[in-house]
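S.K.:
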Amino acid sequence: MEGNILVIGSSGQIGSELVMELRKSYGNNKVIASDITNSSYEIMNSGPFVILDVLNKKDLYTIVKNYQVSEIYLLAAILSANAEKNIKYGWELNMNSYFNILELAKERIIKKVFWPSSIAVFGPNSPKKNTGQYAIMNPTTVYGISKLAGENWNEYYYRKFKVDIRSIRYPGLIGWKSKAGGGTTDYAVDIFHQAFTSEKFNCFLSHNTEIPMMYMKDAIRATLELMSANYNDINIRSSYNISGFSFCPNDIYSEIKKYFPKFEICYAPDFRDDIAKTWPDTIDDSEAKLDWKWKTEYGLKETVKEIICNLKPIYKTIDNEK
Ligand SMILES: NC(=O)c1ccc[n+]([C@@H]2O[C@H](COP(=O)([O-])OP(=O)(O)OC[C@H]3O[C@@H](n4cnc5c(N)ncnc54)[C@H](O)[C@@H]3O)[C@@H](O)[C@H]2O)c1
100 MEGNILVIGS
110 SGQIGSELVM
120 ELRKSYGNNK
130 VIASDITNSS
140 YEIMNSGPFV
150 ILDVLNKKDL
160 YTIVKNYQVS
170 EIYLLAAILS
180 ANAEKNIKYG
190 WELNMNSYFN
200 ILELAKERII
210 KKVFWPSSIA
220 VFGPNSPKKN
230 TGQYAIMNPT
240 TVYGISKLAG
250 ENWNEYYYRK
260 FKVDIRSIRY
270 PGLIGWKSKA
280 GGGTTDYAVD
290 IFHQAFTSEK
300 FNCFLSHNTE
310 IPMMYMKDAI
320 RATLELMSAN
330 YNDINIRSSY
340 NISGFSFCPN
350 DIYSEIKKYF
360 PKFEICYAPD
370 FRDDIAKTWP
380 DTIDDSEAKL
390 DWKWKTEYGL
400 KETVKEIICN
410 LKPIYKTIDN
420 EK
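Okay, so the sequence shown: first residue is 100 according to my numbering, each after it adds one.
(1) Please give me, in chain order, every unbroken run of the beta strand (DSSP E) with length at least 3 that falls completely inside the region 172-220.
(2) To the nearest angstrom, report how far apart W275 and E405 are at their CA atoms.
(3) Under the criterion of a Cβ to heavy atom distance below 6 Å, does I310 qualify as lining ligand 1?
(4) Taking its Cβ as the centre, do 16 or more other Cβ atoms sit within 10 Å of M100, making it buried, or is it exposed?
(5) When the distance is taken between beta carbons, is Q167 closer than 7 Å to G102?
(6) Determine the direct distance from the alpha carbon of Y330 to that of A180, and round the result to whole angstroms.
(7) Quick one: Cα of I150 to Cα of T240, how far?
(8) Return yes when the Cβ of A321 is within less than 7 Å of the Cβ of I267, no when it is not.
(9) Looking at the strands, I want to know which residues DSSP matches up with F346.
(10) Run through DSSP, which three-state label would Y255 get?
(11) So, do the region 103-122 and the region 276-286 have three or more beta carbon pairs nearer to each other than 8 Å?
(12) Tell me the DSSP secondary structure of S266 in three-state form.
(13) So what does DSSP say about A132, is it helix, strand or coil?
(14) Ligand 1 and D152: does the residue's C-beta get closer than 6 Å to at least one heavy atom of that ligand?
(15) What do you reckon, is the C-beta of P379 under 6 Å from a heavy atom of ligand 1?
(16) Have a look at V153 and I209 and give me their C-alpha separation to the nearest angstrom.
(17) Can you give the Cα-Cα distance for I290 and R207, rounded to whole angstroms?
(18) Using only the alpha-carbon positions, how far apart do W252 and Y339 sit?
(19) With a CB to CB cut of under 6 Å and the five nearest residues on each side skipped, what residues in its chain are close to L173?
(20) Is it right to say F300 is buried, meaning 16 or more other beta carbons lie within 10 angstroms of its own, or is it exposed?
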């Protein structure tokens, strides 16, 4: 690769894992991590890290120039549940940050962009089962509205200015390396930590609210595969549906309970349950399979096993230090 890669939002749930995978693939010094807050020790000590507010266009341009950046992964955003509490800022951050990047690409200062969309682009009128790439999209949240607008801008900048934009509609992502960032699917990350630290979990979704989800490792692999696919194989520039596996809180609870027999769950659905109920149950990702050979590896069982195995030594150390 000619230039370097800039990841914006490297302290977040996805950024903290994506930066390390990109550094493995391209070399530590080729991947510049950035965020408005400090990132993990691992990120800040394995390669370049800069503090950047993506809304500050001048600082963004300076960093792109100084570090000879040719590719940007824009991960800074306010997620679904938090954006509902701050509608105006949700729109401002999610949209204005993106315009700053799109303009850099239009001016050919950068060559390639990754921008994540979400299953939140779908809404109550979208089909619930096997929701297709081109299904009706009528999002009901400011987050979903901003993601759908972003997808339309992707198409526009690609068609009009030939900007090489690539995007994935991530389902809810579950990992163990960092806490979730204020989304409707956060419960599926928090439940693991509660299993280790307490005997009871209060779930903010109903027991039977099913949502498409994916293990973080698969999501990171999908991102790298899409970004390295041949330009001519990318037939969808708005954003690709990808599917991992779908479950409701009761399914993941039952799987975790196999490892923690005393673990209990109780349900107190709040506004996030109303949001989740407008989203699809399952996703059809035929186009991603066809265009860039996407294939999920992790199911619910494997995901739960791997997360528990990874968290066990961490919680053991914490217990020993008490
Ligand atoms: N995590 C998921 O389940 C999921 C699902 C679908 C889509 N996505 C999308 O993926 C992207 C990353 O998600 P995430 O879960 O890592 O989010 P996150 O909230 O964990 O991380 C976002 C990061 O952006 C940073 N940030 C906020 N404002 C900033 C600013 N002005 N300048 C620079 N950095 C700023 C935050 O400090 C944070 O570290 C988002 O666009 C999100 O919508 C995530």
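All residues carry an ideal CB built from backbone N, CA and C; glycine is no exception.
M.R.: Inspection of the coordinates gives the following:
(1) 211-213
(2) 9 Å
(3) no
(4) exposed
(5) yes
(6) 34 Å
(7) 29 Å
(8) yes
(9) I310
(10) helix
(11) yes
(12) coil
(13) strand
(14) yes
(15) no
(16) 15 Å
(17) 44 Å
(18) 14 Å
(19) I107, I200 and W214
(20) buried
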